[in-house]
Amino acid sequence: MDIEQFRKAGYQAIDNICDHFYNLQNLPVRPDVEPGFLAKSLPDAPPEKGEDFQLIADDYHKVILPGMTYWPHPSFFGYFPTACTFEAILGDLYASSVPNPGFNWAASPAATELEMVVMDWLAKLFHLSPDFLNSSGIGGGALQTTASDSALIAVVAARSKYQKNHPDIPIEKMIVYVTSQTHSLGAKAALVLGVQVRTLEATTEDDFGLRGATLAAALKEDIDMGLHPFVLVGTVGTTSSGAVDNITEIVQTLKSVDRDVWLHIDAAWAGIALSCPEYHDWAHLKAINEYAHSFCTNLHKWGLTNFDASTLWVRNRRWLNDALDVTPEFLRTAQGDAGTAIDYRNWHLALGRKFRSLKVWFVLRAYGTEGFQKMVRRHVNLNEKFIDLVKSSNLLTLVATPSLSLSVFRLDPVDTTSGERRSRSATADALNTLNVQLHKRLSSRSDVWLTQTSLNGTFCVRLAIGSTNTEEKHIDHVFKLICEESEATLKAEKWLKD
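Position in the sequence shown (first residue = 1) + 33 = my numbering.
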């Protein structure tokens, strides 16, 4: 393909993408395919000779798109929606046109320095402490792939820091702390590093957030046994219910025991809400800024930026360099030796890295602080509408306190005889079975997608709002479908007479 052929194909691609978004809400959220469908539609080997690009593009629409789940769909309410904006798409396109591995400043000065700038912009957007700014010369931030990678990097740095300060402690006595509501990223980091992991209970009574007393009891027990907790993954906005660990109490506890415990804050989804001052107390921002060693949020969840774009800030960049700096002769540069530039290869696990900062820069300039705040508040308002609908229903109840744009609910019908919810008389197992069947019915639909969770033994359904395309009519539609499937479930499970 020469330049003019690329120009023609590029125009066509943009037209096709625009047509796709015009038609998006008319498409199914999830495809009607079975595992192995694609291999049956494609040759079992690459072509001997190159093919015309028009044929390739046609097959993309014919073969690939019918097998896609559309996360930006206005009726996608599962997991947490993946952000998608045209500004970010264009940023990715421009970044792809100037490919560079970005592993040090010399590899691409603009890529490194733009990342430094946008990470400082984001830190200010989220009102993080100046300690986390690249411009501080001490702390700083870098773009990563996902929150799981960010957590792994934080735990690697925490382990290195602890071993440096306590060189005589064997690794088998070191422990990662997570909670019963922490994303799997905490346990996976411990698995990768070969260290113990302890799960601290986040109770229903505490709204599924970790409290300081629970942490204090665990620390005393482990320390008395000669063990060494060295990092705690605290969560602001858990995946299951949007719960928030009581970071204020956690910080007070960690300070009181005078132990060298790293506090990593995983705010992968909810951290974006820090752009709005009204959520600072809810997220314990003051305590985070006072004590946390590292902080992560994902722009590609609720931050208007296409996947992938996770952020990681550390209070002291030396912790990353001490843990991850490997500099063979061929990677040495004058700027690196002089310490006049950041080499981001020492801030993550891989060597090369994508030019993610360009799309972030496009998004930040196009939306500004007001754009982020408007998006967050609009989605919270849409969730409040859904909450009102649930509360007015004789079929559904909320299982946990709603969190920003996330609600967790279950089928718990009112008994027509007693006028009370069936949870007053039915067993927990019976209600769980009922809700498993409800979720199966909802999952069989292609026009909406909601995901399930279990909160301390209570099976329930999640509704997460985050697509830029979701409007009030989509909330009305999904609620209507949930009620219809709830009625069908009750009849099928013989909780109601025909």
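Just so it is clear, CB atoms sit at the ideal spot from N, CA and C, and this is done for glycine as well.
Asked	Found
Nearest-angstrom Cα distance between Glu504 and Ser193?	47 Å
Which term fits Arg63, buried or exposed, when burial requires 16 or more other beta carbons within 10 angstroms of its beta carbon?	buried
Between the alpha carbons of Leu277 and Thr212, how many angstroms are there, rounded?	The identity of residue 277 in the sequence shown is Val, whereas the question assumes Leu. Near 11 Å, if we compare the C-alpha coordinates of Thr212 and Val277.
Strictly by DSSP, which residues pair up with Phe492?	Ser487
With a threshold of 8 Å on Cβ separation, who are the neighbours of Ser519 within its own chain once the five nearest residues in sequence on each side are excluded?	Leu428, Leu429, Leu444, Pro446 and Leu471
Run through the DSSP bridge pairs and tell me what Ala175 is partnered with.	Leu345
Identify which residue in Met101, Leu57 and Cys51 has its Cα closest to the Cα of Glu67.	Met101
Under the rule that 16 or more other beta-carbon atoms within 10 Å means buried, what is Cys493, buried or exposed?	buried
If you count every other CB in all the chains shown that lies within 10 Å of the CB of Asp182, and 16 or more means buried, which is it?	buried
Please give me, in chain order, every unbroken run of the alpha helix (DSSP H) with length at least 4 that falls completely inside the region 128–214.	142–158 and 180–198
On the criterion of 16 or more Cβ atoms from any shown chain inside 10 Å, does Ser71 qualify as buried, or is it exposed?	Reading off the sequence, residue 71 comes out as Leu, not Ser. Exposed, since its Cβ has fewer than 16 Cβ neighbours within 10 Å.
Using only CA atoms, which one of His313, Pro262 and Gly170 lies nearest to Asp153?	Gly170
Please classify Asp167: is it buried, with 16 or more other beta-carbons within 10 angstroms of its beta-carbon, or exposed?	Here residue 167 turns out to be Asn, not Asp, going by the sequence shown. By the 10 Å Cβ count, Asn167 comes out buried.
Decide if Thr449 is buried, meaning its Cβ has at least 16 other Cβ atoms within 10 Å, or exposed.	exposed
Rounded to whole angstroms, how far is the Cβ of Ala497 from the Cβ of Phe113, which I believe are closer than 8 Å?	5 Å
Going by C-alpha distance, which of Lys82, Pro61, Pro142 and Ile122 is nearest Ser108?	Pro61
Go through the region 428–495 residue by residue and report every complete run of the alpha helix (DSSP H) that reaches 4 residues or more, in order.	461–476
Whole angstroms are fine: how far does the CA of Leu529 sit from the CA of Phe388?	57 Å
Mapping DSSP to helix, strand and coil, what is His326?	coil
Thinking C-beta only, is Ala303 closer than 8 Å to Val269?	yes
Would you give the residue range spanned by the beta strand (DSSP E) that Trp352 belongs to?	No beta strand (DSSP E) holds Trp352; the alpha helix (DSSP H) holding it covers Arg350 to Leu357.
Rounding to the nearest angstrom, what Cα-Cα distance links Tyr210 and Trp315 in this structure?	22 Å
What residues are listed by DSSP as bridge partners for Pro310?	Note: Pro310 sits in no beta bridge, so no partner.
Assuming Trp335 is part of the alpha helix (DSSP H), what are its boundary residues?	Leu332 to Trp335
According to DSSP, Trp295 sits in a beta bridge with which residue or residues?	Val264
Would you list, in sequence order, the uninterrupted alpha helix (DSSP H) runs of no fewer than 4 residues that lie entirely inside the region 231–292?	245–257 and 280–290
Would you list the one or two residues that DSSP bridges to Ala116?	Paired residues: none, contrary to the question.
Touching or not, the region 360–378 and the region 71–91, by the rule of three or more beta carbon pairs under 8 Å?	no
If you reduce the DSSP assignment to three classes, tell me which class Ala367 lands in.	helix
Does the beta-carbon of Ile89 have 16 or more other beta-carbons within 10 angstroms, so that it is buried, or is it exposed?	exposed
Per DSSP, Phe388 is paired with what?	Paired residue(s): none; Phe388 is not in a bridge.
Report the rounded CA-to-CA distance for Leu243 versus Leu75, giving the unit in angstroms.	49 Å
Identify the continuous alpha helix (DSSP H) that holds Glu517 and give its terminal residues.	Glu505 to Ala525
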